[in-house]
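Written out below as structure tokens is the structure these notes cover.
Chains as they are written, first to last, in UniProt numbering: chain A, 1 to 365; chain B, 1 to 365; chain C, 1 to 365; chain D, 1 to 365.
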């Protein structure tokens with residue numbers, strides 16, 4: 001209840017601080033009988049891992065995940081899956097610098113106000129390190145969704161500061177350190193990031209994630225709508241400040257005659273809705289966008305106060321991503337997968353009574 | 001679990017279809033000892049009520065709410081509060097027109113896919129009529145938050161199609177049928193809506209809602225973040241396609257040195273974050289924006305299919321708002337109030353042990 | 001969260017006080033496509049109804065339930081089902097007698113301690129009147145379980161004070177006002193109750209409830225065990241002080257060789273376990289017993305204190321059951337049905353991946 | 001949702017199989033600012049630990065618990081607490097004996113029916129080994145309840161087969177391997193267990209647990225009653241088949257005039273209720289009893305079937321407790337502590353509005 005679990009039927013609970021002994025979690029609700037091994041999880045963990053390029057933090061972590069339970073003879077058993085990732089690179093650092101001050105734009109101040117205390121080492125629980133567990137859990141969901149429904153989840157960087165991605169080719173995304181799906185923009189990104197790093201500043205980004213081969217009928221109609229749960233999942237990723245489904249904020253200036261997606265015997269002929277109508281998946285491609293703020297951990301000096309209320313200057317040293325949006329791509333994929341998995345199980349739970357006559361309109365998809 | 005409840009400690013459960021006997025709900029978790037009567041709820045219900053101006057649907061409903069339980073001798077008792085609103089204006093209509101077809105942009109198709117059946121009268125459960133119960137429940141939360149903390153929640157229309165609101169004066173908002181806080185835009189809105197109505201089309205809108213006098217420390221740090229729960233609450237409102245906290249999608253092109261809000265002994269000196277850091281309220285004004293799609297219930301003919309998969313034209317007759325965004329203002333306020341109320345109770349539950357020394361930094365707010 | 005909901009996937013939320021305007025609730029999670037009408041619910045409500053014999057309270061209530069939503073053209077739609085029962089017999093009474101005093105054995109004192117206030121009229125929320133809503137909700141679950149699985153739920157009085165029932169014939173239970181399944185005990189019960197009423201005292205009882213045609217595999221293995229959830233459901237019924245599954249407290253003196261139920265190719269050859277092994281249903285008959293305390297509302301004077309701490313005598317006048325255990329029979333059935341329904345949906349949610357090879361051992365049941 | 005979490009505000013989630021790499025869990029909701037270290041948890045783990053006497057299984061486990069997160073500089077931070085206990089004694093065994101057969105009285109058959117698969121090594125998830133995590137989590141709750149309220153939780157063996165404990169002296173309980181609070185019964189227990197072990201059979205037991213210094217007002221009035229949640233917590237312990245609060249099944253033959261506990265200016269003058277009235281704690285001592293079945297893992301041959309439905313004989317070899325009830329004592333204490341902790345936080349969440357006048361009746365406790 002203090003907010004370390006996500007999902008009602010497929011539930012992911014995480015623990016761990018940035019510079020603690022280990023991070024980990026529990027995945028509860030995975031159906032039995034699915035092949036699963038640590039390598040299935042490691043792929044996405046490696047994509048999220050810091051230190052893979054000069055554009056991300058230099059902190060080096062193996063991020064090697066251990067499955068402690070819930071898998072027997074290579075298959076899920078239906079019981080809870082324990083996950084553990086040891087923290088290797090906990091440099092014994094001098095924290096006197098951040099211990100007694102509130103870095104602007106960080107959670108330092110709000111944690112202190114909430115709890116009256118905080119683990120200030122590397123941001124503690126507010127560090128993006130925690131998201132490694134989400135990525136591991138998301139890989140389980142991804143595998144299930146792919147195997148049972150053919151659902152594919154593709155995340156990508158859609159904008160970085162002023163550099164807008166114009167072409168989306170999912171086969172390009174994982175070939176470059178930016179998760180950029182547009183080959184023609186790689187040089188621009190490289191140049192921009194090189195300059196940025198020199199300046200000691202950081203930049204915001206837009207990340208998108210889509211799911212293909214979606215079944216229709218997932219999502220609840222009033223409060224646990226598929227889009228509402230996706231919004232919660234994405235806004236719950238560190239640094240996210242905005243979430244859109246389909247045309248998102250673009251709808252403000254749209255007319256109804258322009259926005260609504262016509263149905264034809266061959267399926268929908270457009271997708272302004274982004275795959276959700278009335279909170280329920282329509283079978284169209286699911287389209288989600290999010291905005292990520294620039295990290296506040298920069299070497300440009302800033303104004304703040306210390307714990308005694310004195311005005312001070314602050315400079316964040318250490319290993320930090322100049323654009324946290326980049327590494328958010330596999331995290332966003334994971335959170336979408338977890339959300340879909342939860343709704344897959346929920347939809348299955350409440351299926352119609354066997355005597356009901358459901359008209360066959362799947363051909364219309 | 002089929003999604004008709006919102007909130008973990010302050011829980012609102014709703015029931016009811018647009019053209020059923022009644023709509024209603026249960027509010028669970030309201031603290032005891034608060035003065036409460038039906039008039040407290042009616043104020044916001046009247047603001048949301050259809051038929052109040054020529055810009056909203058002509059459907060006439062009293063929307064008179066009854067409190068059936070949980071209040072004794074004018075005070076809440078701490079037990080569940082039953083709410084009931086009878087549906088008065090259920091015109092006995094000919095539904096043959098929509099019974100067997102899927103209106104584009106509506107939930108007709110997704111409900112049918114999900115449940116194999118649907119109450120097609122007036123949209124059934126997918127109708128915005130259900131939100132009247134949210135507004136009633138939200139009024140309870142609003143009263144509590146105001147009385148205990150002085151929190152004020154102000155919603156307003158911030159854009160309607162091409163008409164952008166530039167000045168926000170909360171004293172203006174409730175003086176006009178648009179919930180527009182900018183007196184200088186009233187004529188433009190009036191002209192735009194008049195033209196729109198003539199054309200039989202509809203338009204999208206942007207709605208904003210802010211909360212002042214926020215305490216710091218509300219919200220959980222990982223999954224049930226205050227901003228994530230707000231995103232879920234807002235995206236769960238009919239027609240919402242995007243949600244922003246603070247600068248929202250504006251952060252994409254911001255630098256870190258520009259985005260972070262400096263702390264000073266007098267408080268934060270800017271509010272790009274919108275009042276949330278690391279998922280927890282900072283004590284700054286809470287700022288939320290959302291985008292609402294144009295309603296698909298328009299008299300401009302559209303393409304769709306019937307239940308047998310035949311291609312047909314559809315025209316939606318009946319009483320519909322040309323801009324559903326307008327009436328979303330009190331709904332957004334209600335959902336923000338419910339979300340804050342939930343986190344207020346959560347924060348209270350997990351307060352520090354009595355022996356801990358919490359440094360007094362409230363002076364820094 | 002303040003405890004007015006039961007069930008995770010099939011969720012029943014109730015509201016209402018004994019002497020308020022109405023009681024009611026919301027049933028969330030019922031699968032779509034099931035025939036349902038008010039008469040389906042009324043059968044059990046009438047069984048629970050007060051005033052049906054001289055052995056129960058003389059309070060007269062129609063207990064006529066209204067289904068306000070979630071049913072369309074005679075079938076459930078999958079959306080939330082609103083239930084309403086008006087309180088008709090709210091005698092305008094003089095409550096000065098109980099307003100300022102704590103009746104011993106009642107919830108008066110604990111409500112006052114918890115909430116700092118209470119609706120003292122007829123016990124308010126602590127009155128057994130609230131259970132009428134549970135019975136209505138349970139009838140929905142009963143119908144589904146019967147229709148989909150052939151599960152039959154039979155409750156009965158198994159002991160009343162010193163009178164122990166020895167023979168269980170479910171066809172007898174509903175032919176007498178005691179829900180007694182043993183025709184040979186009816187005279188003894190009648191005599192005992194007649195004497196009891198004369199004395200102005202009350203008596204405890206034991207109630208049992210069984211479910212036949214149970215599928216194997218329902219229940220979660222660690223915390224939400226089927227037996228644990230049943231224990232919660234039964235202990236949550238007013239006046240229940242003990243719950244047993246199968247042999248219950250009888251197991252204390254049993255040896256392992258005696259207790260374990262052998263499996264044979266024809267099924268289990270005994271049922272000491274009461275149908276649950278490791279928290280999961282075995283397919284055997286589910287057997288539950290519970291102990292209900294004698295009501296404290298008696299005309300025998302008792303010692304207590306008033307709200308100012310003064311020692312006083314108290315005599316409860318008014319219309320009260322001398323044995324609340326009797327009318328608990330349909331309530332226990334309802335709570336068992338709701339619990340089973342919840343686990344039915346949960347089991348369905350997490351079913352094995354389609355590629356897994358589940359050995360066919362159903363023949364062994 | 002697949003049942004590996006307990007508690008709504010103080011939530012314990014566990015994972016791990018008997019013969020897997022490790023068991024562990026997450027404790028979510030612990031207030032910040034409490035001193036906590038591994039030694040605080042180890043005390044109870046050592047009491048539960050197997051291999052401590054000849055009356056319990058000879059399996060040797062250190063059961064050394066690691067706190068992986070949520071504690072910083074010796075104090076809880078309010079974030080989730082990760083717990084890990086490595087499985088040391090995983091003898092590489094020949095499981096061919098139990099792999100394809102269903103031991104009578106075990107969860108083998110029900111797991112297979114539920115999941116279509118099972119981790120058969122040592123009982124997998126159904127093994128009592130999982131309860132070590134509950135004990136560790138319970139120790140956190142115990143410490144908090146003791147420190148903040150002075151609540152003390154005492155478990156003890158109250159009956160073992162035919163040997164009934166008559167005197168309860170909590171200072172005796174932890175001085176003997178039976179958790180027996182009655183010194184005069186130690187010889188009888190020793191003799192009985194010696195004979196039992198020789199016979200290769202097992203025996204049932206009754207365990208009791210009480211909580212002193214209880215505040216009044218904890219527990220919700222309708223569904224999440226304190227007694228209902230305790231019933232769920234206890235029935236969820238392996239082998240428990242019955243739960244009683246206060247006089248339990250003894251109430252069946254009690255009269256109302258005998259059962260109700262009079263209130264006096266000095267407090268209640270008896271405690272038949274066991275500390276709960278209307279689902280809410282009264283401030284009296286909380287009294288809980290439970291019945292535990294004899295383990296089915298015995299060397300007395302039994303009848304069962306194999307996975308192909310063939311009739312076979314089964315003998316359970318290996319290291320098993322002849323009376324699982326004994327080691328259930330610290331588990332029952334832990335589950336009571338977790339339940340109370342949950343309700344402590346819930347009560348705190350919904351406290352009265354500051355303007356309400358709560359009459360001071362605490363003097364009457």
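A virtual CB, placed ideally from N, CA and C, is assigned to each residue, including glycine.
| Query | Result |
| --- | --- |
| Inter-residue spacing [alpha-carbon to alpha-carbon] between residue 272 of chain A and residue 246 of chain A | 5 Å |
| Contacts of residue 182 of chain D in chain C (Cβ-Cβ under 8 Å) | By Cβ distance, chain C contributes nothing, its closest Cβ being about 16 Å from residue 182 of chain D, past 8 Å. |
| Nonlocal neighbours in the same chain, by C-beta distance under 6 Å from residue 284 of chain B, ignoring five residues either side | 268, 271, 275 |
| Interface residues of chain C facing residue 126 of chain D [CB-CB closer than 7 Å] | 221, 278 |
| Within 8 Å, strictly: CB atoms of residue 76 of chain B and residue 31 of chain B | yes |
| Contact list for residue 152 of chain B against chain D, beta-carbon separation under 9 Å | Within chain D, no residue comes near residue 152 of chain B; the closest Cβ sits about 18 Å away, beyond 9 Å. |
| Where residue 9 of chain C sits in the DSSP three-state scheme | coil |
| Assigned secondary structure, residue 42 of chain A (DSSP; H/G/I helix, E/B strand, else coil) | helix |
| Short CB-CB distance (under 8 Å) between residue 130 of chain A and chain C | no |
| Buried versus exposed call for residue 191 of chain A [16 or more other C-beta atoms within 10 Å across all chains shown] | exposed |
| Partners in chain A for residue 18 of chain D, counting only beta-carbon separations shorter than 9 Å | Under the 9 Å cutoff, chain A gives no residues; its nearest Cβ is about 10 Å from residue 18 of chain D. |
| DSSP three-state assignment for residue 287 of chain C, whether helix, strand or coil | strand |
| C-beta neighbour in chain C for residue 245 of chain B, strict 8 Å | no |
| Residue 75 of chain D at chain A interface by Cβ criterion, 8 Å | yes |
| Inter-residue spacing [alpha-carbon to alpha-carbon] between residue 154 of chain A and residue 48 of chain A | 14 Å |
| Touch test, the segment 330-346 of chain A against the segment 134-145 of chain A, Cβ-Cβ under 8 Å, three pairs minimum | yes |
| Whole runs of the beta strand (DSSP E) within the segment 186-272 of chain B, excluding any shorter than 3 residues | 205-212, 240-245 |
| Cross-chain neighbours of residue 22 of chain D in chain A, by beta carbon under 9 Å | 66, 68, 69, 82, 84 |
| Simplified DSSP assignment, three categories, for residue 154 of chain D | strand |
| Beta-carbon proximity list for residue 188 of chain B, same chain, < 8 Å, skipping 5 on both sides | 163 |
| Cut-off 6 Å between Cβ atoms - residues of its own chain near residue 349 of chain C, not counting five sequence neighbours on either side | none |
| Spatial distance of residue 137 of chain C from residue 230 of chain D (CA atoms) | 24 Å |
| Inter-residue Cα distance where the pair is residue 244 of chain A and residue 10 of chain D | 34 Å |
| Contact set between residue 226 of chain A and chain C, taken where Cβ atoms lie within less than 9 Å | Under the 9 Å cutoff, chain C gives no residues; its nearest Cβ is about 15 Å from residue 226 of chain A. |
| Chain D within 8 Å of residue 208 of chain C, Cβ atoms only | no |
| Given residue 236 of chain B as reference, the closest of B:257, B:208, B:331 once Cα atoms are compared | B:331 |
| Beta strand (DSSP E) segment containing residue 22 of chain B, residue limits | 22-28 |
| Test item: CB-CB of residue 22 of chain A and residue 84 of chain A under 8 Å | yes |
| Candidates D:304, D:320, D:322, D:324, of which the one nearest residue 108 of chain D by Cα | D:304 |
| Short Cβ contact (8 Å threshold) for residue 260 of chain A with residue 302 of chain B | yes |
| CB contact below 8 Å: residue 339 of chain C versus chain B | no |
| Burial state of residue 117 of chain A, where buried means 16 or more other Cβ atoms lie within 10 Å | buried |
| Where residue 35 of chain D falls: helix, strand or coil (DSSP) | strand |
| Stretch-stretch touch, CB-based, cutoff 8 Å, three pairs: the segment 1-20 of chain A with the segment 34-46 of chain A | no |
| Proximity test, Cβ basis, 8 Å: residue 108 of chain B and chain C | no |
| Inter-residue spacing [alpha-carbon to alpha-carbon] between residue 41 of chain A and residue 68 of chain D | 21 Å |
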